Amino acid sequence: MRPDATDSSAPTGAGGEGTEAGMSLLGQTAHVRAEAVIGTLAALKDEGYESLVDMFGCDTGESIELTYHLRSYAKDRDAYVKTVVPYDAEVASVWNVYPGALMPERETAELLGLHLAGHPNPRRLLTTDGVPPLLRRSVAIRSVEEVKRR
Amino acid sequence: MTDPTEDVAGVGLLAEGLHDPGPAPAGIRRAPSGVDGLTTEHLIINMGPQHPSTHGVLRMLIEVDGEEVVAAEASIGYLHRGIEKLAEHRRYNAVGTLMDRGDYMSGIHGEMAIALAVEQLMEIEVPRKANWIRSLTSELNRLANHLVWYGTFGLDTGAMGQFLYSMRDREALLDILEAISGQRMMFNYVRPGGVVADLPAGIDAKIRAFLETFDTYLDEHDALLGGNEIFQGRVKGIGVIDAGKALAFGITGPNLRASGADYDVRKAKPYAAFAELEFDVPVGTVGDAWDRYQVRMCEMRQAARMVRQCIEGMPEGEHIAKVPKVLRPPAGEVYACVESSRGETGIHLVSRGEDTPYRMHYRAPSLFVLQALEDILPGHLLADVVMIIGSTDVMMGEIDR
Amino acid sequence: MSPTAGVIVRFVALLGLMLTNGVVMIYMLRKVLGRLHIRYGPIHVGWHGTLQTVNDVLKLLTKEDITPSAVDRWLYRLAPALVFVPSLVAYAALPFSPDLAAVQLDTGLLFTFAVLSIVPIGILVAGWASSNKWSLLGGMRAAAQQIAYEVPLLLSVLPIVMIAGTASLGGIVAYQEGTFLGVVPHWFIFNPLGLASFAIFAVAALVELNQTPFDMSEADSELVAGFATEYSAMKFGLLFLSEFSNQFVLSALGVTLFFGGWMLPWISAEAVSSVPGLPVAVFMLKAYAGIAVMMWIRGTFPRVRIDQLMQLGWKRLIPAALALVLVAGVIHKAVL
Numbered sequence: 000m001r002p003d004a005t006d007s008s009a010p011t012g013a014g015g016e017g018t019e020a021g022m023s024l025l026g027q028t029a030h031v032r033a034e035a036v037i038g039t040l041a042a043l044k045d046e047g048y049e050s051l052v053d054m055f056g057c058d059t060g061e062s063i064e065l066t067y068h069l070r071s072y073a074k075d076r077d078a079y080v081k082t083v084v085p086y087d088a089e090v091a092s093v094w095n096v097y098p099g100a101l102m103p104e105r106e107t108a109e110l111l112g113l114h115l116a117g118h119p120n121p122r123r124l125l126t127t128d129g130v131p132p133l134l135r136r137s138v139a140i141r142s143v144e145e146v147k148r149r
Numbered sequence: 000m001t002d003p004t005e006d007v008a009g010v011g012l013l014a015e016g017l018h019d020p021g022p023a024p025a026g027i028r029r030a031p032s033g034v035d036g037l038t039t040e041h042l043i044i045n046m047g048p049q050h051p052s053t054h055g056v057l058r059m060l061i062e063v064d065g066e067e068v069v070a071a072e073a074s075i076g077y078l079h080r081g082i083e084k085l086a087e088h089r090r091y092n093a094v095g096t097l098m099d100r101g102d103y104m105s106g107i108h109g110e111m112a113i114a115l116a117v118e119q120l121m122e123i124e125v126p127r128k129a130n131w132i133r134s135l136t137s138e139l140n141r142l143a144n145h146l147v148w149y150g151t152f153g154l155d156t157g158a159m160g161q162f163l164y165s166m167r168d169r170e171a172l173l174d175i176l177e178a179i180s181g182q183r184m185m186f187n188y189v190r191p192g193g194v195v196a197d198l199p200a201g202i203d204a205k206i207r208a209f210l211e212t213f214d215t216y217l218d219e220h221d222a223l224l225g226g227n228e229i230f231q232g233r234v235k236g237i238g239v240i241d242a243g244k245a246l247a248f249g250i251t252g253p254n255l256r257a258s259g260a261d262y263d264v265r266k267a268k269p270y271a272a273f274a275e276l277e278f279d280v281p282v283g284t285v286g287d288a289w290d291r292y293q294v295r296m297c298e299m300r301q302a303a304r305m306v307r308q309c310i311e312g313m314p315e316g317e318h319i320a321k322v323p324k325v326l327r328p329p330a331g332e333v334y335a336c337v338e339s340s341r342g343e344t345g346i347h348l349v350s351r352g353e354d355t356p357y358r359m360h361y362r363a364p365s366l367f368v369l370q371a372l373e374d375i376l377p378g379h380l381l382a383d384v385v386m387i388i389g390s391t392d393v394m395m396g397e398i399d400r
Numbered sequence: 000m001s002p003t004a005g006v007i008v009r010f011v012a013l014l015g016l017m018l019t020n021g022v023v024m025i026y027m028l029r030k031v032l033g034r035l036h037i038r039y040g041p042i043h044v045g046w047h048g049t050l051q052t053v054n055d056v057l058k059l060l061t062k063e064d065i066t067p068s069a070v071d072r073w074l075y076r077l078a079p080a081l082v083f084v085p086s087l088v089a090y091a092a093l094p095f096s097p098d099l100a101a102v103q104l105d106t107g108l109l110f111t112f113a114v115l116s117i118v119p120i121g122i123l124v125a126g127w128a129s130s131n132k133w134s135l136l137g138g139m140r141a142a143a144q145q146i147a148y149e150v151p152l153l154l155s156v157l158p159i160v161m162i163a164g165t166a167s168l169g170g171i172v173a174y175q176e177g178t179f180l181g182v183v184p185h186w187f188i189f190n191p192l193g194l195a196s197f198a199i200f201a202v203a204a205l206v207e208l209n210q211t212p213f214d215m216s217e218a219d220s221e222l223v224a225g226f227a228t229e230y231s232a233m234k235f236g237l238l239f240l241s242e243f244s245n246q247f248v249l250s251a252l253g254v255t256l257f258f259g260g261w262m263l264p265w266i267s268a269e270a271v272s273s274v275p276g277l278p279v280a281v282f283m284l285k286a287y288a289g290i291a292v293m294m295w296i297r298g299t300f301p302r303v304r305i306d307q308l309m310q311l312g313w314k315r316l317i318p319a320a321l322a323l324v325l326v327a328g329v330i331h332k333a334v335l
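If you're matching them up, the sequences are chains A, B and C in order. Position 132 of the first sequence, counting from 1, maps to 131 under numbering that gives the first Met the number 0, and the rest follow consecutively. Position 346 of the second sequence, counting from 1, maps to 345 under numbering that gives the first Met the number 0, and the rest follow consecutively. Position 71 of the third sequence, counting from 1, maps to 70 under numbering that gives the first Met the number 0, and the rest follow consecutively.
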């Protein structure tokens, strides 16, 4: 599988130190820079990965790792494209390549504190105005006392 | 979801190049606005979140020109409970309870997804009997879910009787599931390693009694609703999602199969006992609501067939592997998926070697269907909106998580 | 008695009939639908739940009447009256027995249809005045469907009028006396032309009554309660009382036109009318049997879509009814 030429920085996978240290059972994964994501996805779509199965983000502690999970039904293979972005970064939307990313991107941006660019409807999806990005490790679950106090 | 008062006062729902009203369904003449020199206005109607027919707390903002839908937007988040965040604070044995409440109609499938993910990371081998019990409960759950879908689909069209008939059959199923797991809906039964308890004595007699009448009842249900000409007129040709669009949007499950793509996780990536069971996978052609109806009715028949095979071929053995009390999977990442009643429910699990997940992402199949709905609704009538949402069987519990 | 007293007595009797009918029909609906749904329906209040509706009426009377602030005040109050009063007046021409009809009209049939055609106007007003987009849709749908279907409804009974030679409901019932060849009762349902008319009449009547499969204006899975969403307490009660009363009127009309009214088959009219109370009992029984069939259909069939309904009406029922009038006229002139 040949991703776009401008390839990865040091792969800081979410599963521990890097994808070598923590075992990744995902199969073929490409780590690319944020700018190369759309190009990589377009190349993969041309190669036959016609479906976007999932898109989500993970707070690794220093940055946010985005994962795009693609699938080719004809070849019955899955592919993952991962990229790392800093907190509060601007993320280009891939909906032109895979319209299936419309709502997952909104959700990821909202719950991890990113900004979407090029998305037709970049509003919040799941939470109301004023709620902090819930999936960040720094945002704690409220304790019982906090809930009772409200 | 944003402040609700903003949406309606906003400029309108047609974003740049996103919504292209497709071809009109048969019989609709799209009248140009301003006909006869009259200025007309589009109404923006708010459907939900409390509404007798949206399946869960779904809020659709629909821009209508008379009765014809011009644009649609789904506004969700009314059932958001932070399942993914809560999972980071639960031990692996307890994450199943969160999955139960995601897609609450197919609790077994959700629990199985997280169990498979943990088992893959920890390389646990599940005993054969546990796999067969998992398949059995999974197909029983699929039957229960599809019966609710059938009943509510009928209710959406105005046929009230069918809902109660399907609930009658579902009561028998819930009795069986209660005997097996102790609960009617939030089972908490499938755990990493197997299932939490063995099948109770006498359960196969109960299941056999259920199966004896179920096939006849299913034929009656099919004849009553599907054989009704009014119903057929309301679903044929409505809500067409062709295979290319379904794949591009990431739709899976019965909705994808109705559009023509033959993909079932139970056949492609077999888990539990599905490699050993004999079953057919129904595939549609057109991708309209009628095909989705047919696919799910066939799936019910196949599920009953699988339940019979499970009961007759249930092996002896352990119901759970030897797993430590506190599960600590090694650091790593895994994606495990199951074929739930709505599509491919997947769990993307990131573990850092602790006793709680570092990040658990719940891939909900209905989310991808919902965003496709925004694309296919324009061009239909308002009454069709309800039918399309019903035929795709969206579940807000898993969309909002 | 003086004409004024006679009018008052008739008015009170009809009002009493309408209210009693409402009570009976609500109970009947709940029981029939309940049994169709494999459940009992009301069983606790009164003997087998018979006092349940009395309970409900009392509840409706004592409920708070909430008026939303944005409604069109006068239209909002007018709409239930516009729906209720024509329903009451429509009872006037029904022949319960040979000499028991509120008014003996020569054009009773036309009168009943004319009065019932005011009801959709009331529904439209209710939908508009509620200042609620969903009610508006319900009102618009009602206007489209009910006003459109008055044409096939009237056209379908024209063959009956032609054959019977009179538009007076008492006269039509009298025409259906006797048997054909000594075996088949002379009712219009057993007449091939009458049977065809009945097919069209039945469908058009269901549409006029807003009954499933044609209840789009109050489609409860789409529009909550449609045009009646914003009405509470007695205004809501009036709207739905008139719906039940219309059901009785059209069922009674169908019985009068096609099923011999208060007559029993193979028994002469004098024999039936000589037994006091028998004609009325027969008439009521037949009318309620028709209502029970309507409720049976209601519990089983899904709803038609509004554009499919309009196509059915304009493209199929009206041409069929016109063709039927033509055929009936030709046969009537040729044979008689």
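Don't be surprised by glycine CBs; every beta carbon is placed ideally from N, CA and C. Nothing here was measured: the structure is a model prediction, and the numbers come from that model.
{"Query": "Pairwise C-alpha distance: L123(C) and F235(C)", "Result": "15 Å"}
{"Query": "The segment 302–330 of chain C: positions lying closer than 7 Å to chain B by Cβ", "Result": "R302, V303, R304, I305, D306, Q307 and Q310"}
{"Query": "Cβ of L28(C) within 8 Å of any chain B Cβ", "Result": "no"}
{"Query": "CA-to-CA distance, L50(C) to N209(C), given in whole angstroms", "Result": "27 Å"}
{"Query": "Continuous beta strand (DSSP E) assignments of at least 3 residues falling wholly in the segment 52–84 of chain A", "Result": "63–71 and 76–84"}
{"Query": "Cutoff 8 Å: F187(C) Cβ touching any chain B Cβ", "Result": "no"}
{"Query": "M159(B) at chain C interface by Cβ criterion, 8 Å", "Result": "yes"}
{"Query": "Contact list for S23(A) against chain B, beta-carbon separation under 9 Å", "Result": "G331, E332 and V333"}
{"Query": "Classification of D168(B) by the beta-carbon crowding that lies within 10 angstroms, buried from 16 upward", "Result": "buried"}
{"Query": "Members of the segment 60–72 of chain B near chain C, C-beta cut-off 9 Å", "Result": "V63, G65 and E66"}
{"Query": "Closer than 8 Å to chain C by CB, L173(B)", "Result": "no"}
{"Query": "Neighbour list for E83(B) in chain A, Cβ cutoff strictly below 7 Å", "Result": "L134"}
{"Query": "Integer-rounded CB distance, given that V80(A) should sit under 8 Å from V130(A)", "Result": "About 29 Å; that fails the 8 Å criterion."}
{"Query": "Chain C contact for F230(B) (CB, 8 Å cutoff)", "Result": "yes"}
{"Query": "Members of the segment 257–278 of chain B that neighbour chain A once the beta carbon cut-off is set at 8 Å", "Result": "A260, Y262 and A267"}
{"Query": "Minimum Cβ-Cβ distance from F367(B) to chain A less than 8 Å", "Result": "yes"}
{"Query": "Span separating the alpha-carbon of T299(C) from that of G160(B)", "Result": "6 Å"}
{"Query": "N- and C-terminal bounds of the beta strand (DSSP E) containing M59(B)", "Result": "R58 to D64"}
{"Query": "Candidates G26(A), S62(A) and Y97(A), of which the one nearest V36(A) by Cα", "Result": "Y97(A)"}
{"Query": "Inside the segment 354–388 of chain B only - beta strand (DSSP E) runs reaching at least 3 residues", "Result": "358–362"}
{"Query": "Contact with chain E by P212(C), beta-carbon distance below 8 Å", "Result": "Protein chains in the displayed structure are A, B and C, and chain E is not among them."}
{"Query": "CB contact below 8 Å: H347(B) versus chain A", "Result": "yes"}
{"Query": "Rounded distance between the beta-carbons of P191(B) and N92(B), thought under 8 Å", "Result": "7 Å"}
{"Query": "Distance between R300(B) and A409(B) (C-alpha atoms, nearest Å)", "Result": "An answer regarding residue 409(B) cannot be provided, because it is not within the stretch 0 to 400 covered by chain B."}
{"Query": "Neighbouring residues, chain B, relative to V52(A) (Cβ below 9 Å)", "Result": "G249, T251, Y334, C336, E343, G345, R362 and F367"}
{"Query": "Residue-chain proximity (T355(B), chain C), Cβ-Cβ < 8 Å", "Result": "no"}
{"Query": "Contact set between T126(A) and chain B, taken where Cβ atoms lie within less than 7 Å", "Result": "G76 and H79"}
{"Query": "Rounded straight-line distance, which links the Cα of M111(B) to that of R127(B)", "Result": "15 Å"}
{"Query": "R88(B) burial status per 10 Å Cβ neighbour count (16 or more: buried)", "Result": "Here the sequence assigns His to residue 88(B), which means Arg is not the residue at that position. Exposed, since its Cβ has fewer than 16 Cβ neighbours within 10 Å."}
{"Query": "Test item: CB-CB of P356(B) and S350(B) under 8 Å", "Result": "yes"}
{"Query": "Euclidean distance between Cα positions of S56(C) and V22(C)", "Result": "Looking at the sequence itself, residue 56(C) is Val, so the reference to Ser does not match. About 8 Å."}
{"Query": "C-beta atoms of L124(A) and I63(A) nearer than 8 Å", "Result": "no"}
{"Query": "Chain C within 8 Å of G153(B), Cβ atoms only", "Result": "yes"}
{"Query": "Local conformation of P98(A) per DSSP, three classes", "Result": "helix"}
{"Query": "DSSP state of I310(B) mapped onto helix, strand, coil", "Result": "helix"}
{"Query": "Beta-carbon separation (whole angstroms), L256(C) vs E207(C), contact threshold 8 Å", "Result": "With a Cβ gap of about 14 Å, L256(C) and E207(C) do not count as contacting."}
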